[in-house]
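In the numbering used here, the protein residues as written are 155 to 1045.
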């Protein structure tokens, strides 16, 4: 094929194939990972984050359509890697193939096509079309014709159909049927125009090229064309020969000669041949590219003339594709061209195409706001543009990437409303649901979760398989629960149709979530009854029944029926030994049995039978060593020992757990509880022992979730031991390394207390304490109770320095905000009310020091009136003040 036509043809074809694909091509739900026990595979639900996969695939489609083939390949491959094992998305696989074809990587493309062809129900017609394309690129016309003969055009999408007619036209042209080829080319162009301007431009370009090349056989005809040009000097046909000669010169490797010939003819062509001049400029763009001045000038002139939209569209599309394909050469040039074209005062014929290309460029460069602006402008100016669907998708994807999930959902809903083929697409409904779900997780608003649940419910009406329905079912129930719609969640779980779509594994997971939620909202008895009914009603899946038996045993203990736990555990042991469980995974059975023993021990503790409970815990550690329930038995027994004041034994047992299983997640928890037992004994020796246990957590488990609490407790204990310097170092570390931790305010408060305790010896520490207390008092996001505490301590700090006025102002400010002006006391917890009381006592004491007895009395009366901490002390103070009041002299 002349002028490296295989590469040019495949590049153009691959870029356009994306236009024939539907918007939603993959599973779209994003289940949230929840801890669910006794799952078949792992201890936690680890469902694929399918929405991220969806967006990757959407970006890959848009990159392919825009001609960014290296990027479309990378995105599609990344999306494929996120798919569940064994799953295949044929649309995404074809994006990979088309990207390879565009980059002339025939071997890998053919390998991937062969792999696709081995799959059940693979898209044979689309695969055959690409086989035909490779055959043409390799010059195997017979193989190409054979592949085309097996294709039924009506089975293809719009984009693929356009290419089918083009290939047929090309084959016909090579056989000499020029007129028949022209008709086929016209069909291809008409179909392409109905799909998108970009596809129309690509087809138009190849038609233009193929019609030129059909007159020339090979590079050996170059002298004949040169003679024809000389013989036809002064005639219009000379310029047709010049175009053909330029193509052959380029094909033969003489690029400079081709560019020079094009330039000479551009300078010589008469004014009346405007279209031929535009064609020469198009050839100059293709031969020179935007990396050379000739190509840039030709592109600029072609666009500036604003004539012949078909040729301008071809030039713009090809330049845009090459800008990325050729290692970024010309990227800045095409961006500048797009900017100038869009900024023209007079509307350009390619304005919609330019807005589309720039929007895609910006999106891929993560300039999301600019991309959304271009997309919005395109839709405003061209409401019926064929680019509209792609722009809505781009806006949704951009909003998703900016964490504006509600906006993304709105765009997707707009797409579903406008495009009929999407209205029953469960994947799009699931993606809308996921947008609302993420919005809910982001803002914790029930309305978002309700919207998510409704969208998941809609999606489930259009699915037919467990692989599709399982994750959506899980998300539906989860969203109902987060929306506070527990009864609707239970209704979904009880739906026979949804359970059939979900599969037993998902049914177990949602049952667990729902029953746990029932326990949380104090519907424990109902949860227990529901679990029993589920056990009785489950006959088809032995494994599901076993897990429900286990859950019922757990609920019997927390529902206040510990005596029944014994019966349930006996039934579990019998069921495990039955024929129904003969082929079950032994590890899962061990987990059930171990956990059941733990539940049984808890029931004996509840029945005040500690000896039996401890014996069961010891049996659990002996028979099921290493299982999590066995490790929990250490903690359960230690808590019992601690409750009966056997803290030394409790501490020893907890430390043994950390020593024997140092890599387990419970090890730092055991050390923390061991420290609590040491601290409970109160003496300095044991406090010091506790600090060492807490230091072990910080040293050995720096990634543990409880490191912050361990460090905070360690520093608090060091303060109790009067080791203020060491405590200060830890508080300082917490302030700096955990600046966003939810307990950061506690560390700052404790740091202020520590600095104040050292202020007598080092006055500079007073300023550090004051600055922290001022910050905490004024920080809107800090808990209100803590802000009141900070205000009191700040006032007391100034009072200790003799600054009575400053102290009085601070105490009064809290009194005014909490009890007078804003009645903020209604929002306070017990700790906050305690600190308000301290402020009132402080105001009363300062008033007494100033000799204002009546004022002091009024503050004590406020303590009594609002029933704050220290009511008895306030009454005693009032009596003292009355007793000290001087008796008035008789008149």
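By construction, the Cβ of each residue, glycine as well, lies at the ideal position given by its N, Cα and C atoms.
Computed from a predicted structure; not experimentally measured.
>> In this structure, how does DSSP classify residue 859 when only helix, strand and coil are distinguished?
In response: Taking the chain shown and counting its residues from 1, one reaches residue 859 at position 705. Coil, per DSSP.
>> So for residue 538, helix, strand or coil by DSSP?
In response: In the chain shown, residue 538 corresponds to position 384, counting from 1. Coil at residue 538, not helix or strand.
> For the alpha helix (DSSP H) that contains residue 919, what are its first and last residues?
Replying inline: By 1-based counting over the chain shown, the position of residue 919 is 765. 918–932 is the extent of the alpha helix (DSSP H) around residue 919.
>> For chain C, check one thing: does any of its Cβ atoms lie closer than 7 Å to the Cβ of residue 900?
In response: As a matter of chain content, chain C is missing from the structure shown, which is built from one protein chain.
> The alpha helix (DSSP H) spanning residue 739 covers which residue range?
Replying inline: Residue 739 sits at position 585 when you count from the first residue of the chain shown. Neither: residue 739 is in no alpha helix (DSSP H) and is coded neither H nor E.
> From residue 612 to residue 504, what does the alpha carbon distance come to, in whole angstroms?
Replying inline: Within the chain shown, the letter at position 458 stands for residue 612. Within the chain shown, the letter at position 350 stands for residue 504. In a straight line, the C-alpha of residue 612 is about 40 Å away from that of residue 504.
>> As a quick exercise: from 880, 879 and 900, pick the residue whose alpha carbon is nearest that of residue 889.
In response: Stepping through the chain shown from its first residue, residue 889 is reached at position 735. When each option's Cα is compared against that of residue 889, the closest is 900.
>> What residue range does the alpha helix (DSSP H) around residue 710 cover?
In response: Position 556 of the chain shown, counted from the start, is the residue given in the question as residue 710. It spans 696–712 - the alpha helix (DSSP H) in which residue 710 sits, taken as one unbroken run.
>> Quick test of the definition: if touching needs 3 or more C-beta pairs under 8 Å, does the stretch 856–863 touch the stretch 832–846?
In response: no
> Enumerated in chain order, which unbroken segments of the alpha helix (DSSP H) with a length of 4 residues or greater are wholly contained in the stretch 577–606?
Replying inline: 580–597
>> Can you confirm whether the stretch 532–540 touches the stretch 490–500 when touching is taken to mean that 3 or more C-beta pairs between the two stretches lie within less than 8 Å?
In response: no
> What is the DSSP secondary structure of residue 475, counted as helix, strand or coil?
Replying inline: By one-based count along the chain shown, residue 475 stands at place 321. Residue state, collapsed to three classes: helix.
>> Which residue marks the beginning of the alpha helix (DSSP H) containing residue 432, and which one marks its end?
In response: For the purposes of this step, residue 432 is taken as residue 278 along the chain shown, with counting starting at 1. Its alpha helix (DSSP H) spans residues 428–442.
>> For a quick check, are the C-beta atoms of residue 541 and residue 580 less than 7 Å apart?
In response: Within the chain shown, residue 541 is the residue found at index 387, counting from 1. Within the chain shown, residue 580 is the residue found at index 426, counting from 1. Going by C-beta atoms, residue 541 is not nearer than 7 Å to residue 580.
>> Does residue 908 pass the burial test, meaning 16 or more other C-beta atoms within 10 Å, or should it be called exposed?
In response: In the chain shown, counting from the first residue as 1, residue 908 sits at position 754. Burial call: buried.
> What residues in its chain sit with their C-beta under 7 Å from that of residue 1036, if we drop five residues either side in the sequence?
Replying inline: Here residue 1036 refers to the residue found at position 882 when the chain shown is read from its first residue. Excluding residues within five positions, none has a Cβ falling inside 7 Å.
> Distance, Cα to Cα, residue 674 vs residue 631?
Replying inline: For this step, residue 674 is matched to residue 520 along the chain shown. For this step, residue 631 is matched to residue 477 along the chain shown. Each residue's alpha carbon lies about 16 Å from the other.
>> Judging by CA-CA distance, which residue of 973, 986, 920 and 913 is the nearest neighbour of residue 946?
In response: Position 792 of the chain shown, counted from the first residue, corresponds to residue 946. Answer by Cα proximity: 986.
> What are the boundary residues of the alpha helix (DSSP H) that residue 729 is part of?
Replying inline: Position 575 of the chain shown holds residue 729. Looking at the DSSP string, the run of the alpha helix (DSSP H) that includes residue 729 is 716–730.
> Taking C-beta to C-beta, are residue 952 and residue 960 nearer than 7 Å?
Replying inline: Mapped onto the chain shown, residue 952 falls at position 798. Mapped onto the chain shown, residue 960 falls at position 806. For residue 952 and residue 960, yes; Cβs fall inside 7 Å.
> Are residue 771 and residue 757 touching if we call contact CB-CB under 7 Å?
Replying inline: For the purposes of this step, residue 771 is taken as residue 617 along the chain shown, with counting starting at 1. For the purposes of this step, residue 757 is taken as residue 603 along the chain shown, with counting starting at 1. It is not a contact, given that the beta carbons lie outside the stated cut-off.
> Whole-angstrom Cβ separation of residue 416 and residue 444, contact assumed at under 8 Å?
Replying inline: In the chain shown, the residue the question calls residue 416 occupies position 262. In the chain shown, the residue the question calls residue 444 occupies position 290. Their Cβ separation, rounded to whole angstroms, is 15 Å, which puts residue 416 and residue 444 out of contact at 8 Å.
>> Whether or not the stretch 929–937 and the stretch 970–982 are in contact is what I'm after, with contact meaning three or more pairs of Cβ atoms, one per stretch, closer than 8 Å; do they touch?
In response: no
>> Distance check for residue 669 and residue 738, CA to CA, integer angstroms please.
In response: Here residue 738 is taken as the residue at index 584 of the chain shown, counted from 1. Here residue 669 is taken as the residue at index 515 of the chain shown, counted from 1. Between residue 738 and residue 669, the C-alpha separation is close to 25 Å.
> Just the Cα atoms here: how many angstroms apart are residue 968 and residue 1003?
Replying inline: Here residue 968 refers to the residue found at position 814 of the chain shown. Here residue 1003 refers to the residue found at position 849 of the chain shown. Residue 968 and residue 1003: Cα-Cα distance of roughly 20 Å.
> Counting along the chain, where does the alpha helix (DSSP H) carrying residue 631 start and finish?
Replying inline: The count along the chain shown starts at 1 and reaches residue 631 at position 477. Per DSSP, residue 631 belongs to the alpha helix (DSSP H) from 620–636.
> residue 318 by DSSP, collapsed to three states: which one?
Replying inline: Taking the first residue of the chain shown as position 1, residue 318 is located at position 164. In the structure shown, residue 318 sits in a helix (DSSP, three-state: H, G or I).
> Cα separation between residue 1038 and residue 997?
Replying inline: As a first step, residue 1038 is located in the chain shown; it is residue number 884 there, counting from the start. As a first step, residue 997 is located in the chain shown; it is residue number 843 there, counting from the start. Rounded to whole angstroms, residue 1038 to residue 997 spans 18 Å at the Cα level.
> What's the gap between the Cα of residue 248 and the Cα of residue 215?
Replying inline: Locating residue 248 in the chain shown gives position 94, where the first residue counts as 1. Locating residue 215 in the chain shown gives position 61, where the first residue counts as 1. Taking the straight line joining both Cα atoms gives about 10 Å.
>> Could you compute how far the alpha carbon of residue 785 sits from the alpha carbon of residue 820?
In response: Walking along the chain shown from the start, residue 785 turns up at place 631. Walking along the chain shown from the start, residue 820 turns up at place 666. Each residue's alpha carbon lies about 8 Å from the other.
>> Can you look up residue 377 in the DSSP assignment and give me helix, strand or coil?
In response: Taking the chain shown and counting its residues from 1, one reaches residue 377 at position 223. In this structure, residue 377 counts as helix in the three-state DSSP scheme.
> So the alpha helix (DSSP H) residue 393 belongs to, where does it begin and stop?
Replying inline: Stepping through the chain shown from its first residue, residue 393 is reached at position 239. 391–405 is the extent of the alpha helix (DSSP H) around residue 393.
>> So, at 8 Å on beta carbons, what are the nonlocal neighbours of residue 783 in its own chain, with the 5 sequence-adjacent residues on each side left out?
In response: Position 629 of the chain shown holds residue 783. Hits under 8 Å: 745, 748, 749, 751, 752 and 774.
> Under a Cβ-count criterion, where at least 16 other Cβ atoms within 10 Å of its own Cβ denotes burial, should residue 288 be classed as buried or exposed?
Replying inline: Start at 1 with the first residue of the chain shown, and residue 288 comes out as number 134. Its Cβ being crowded by 16 or more others within 10 Å, residue 288 is buried.
> Which one of 574, 354 and 449 has the shortest CA to CA distance from residue 465?
Replying inline: Start at 1 with the first residue of the chain shown, and residue 465 comes out as number 311. Closest option to residue 465, Cα to Cα, is 354.
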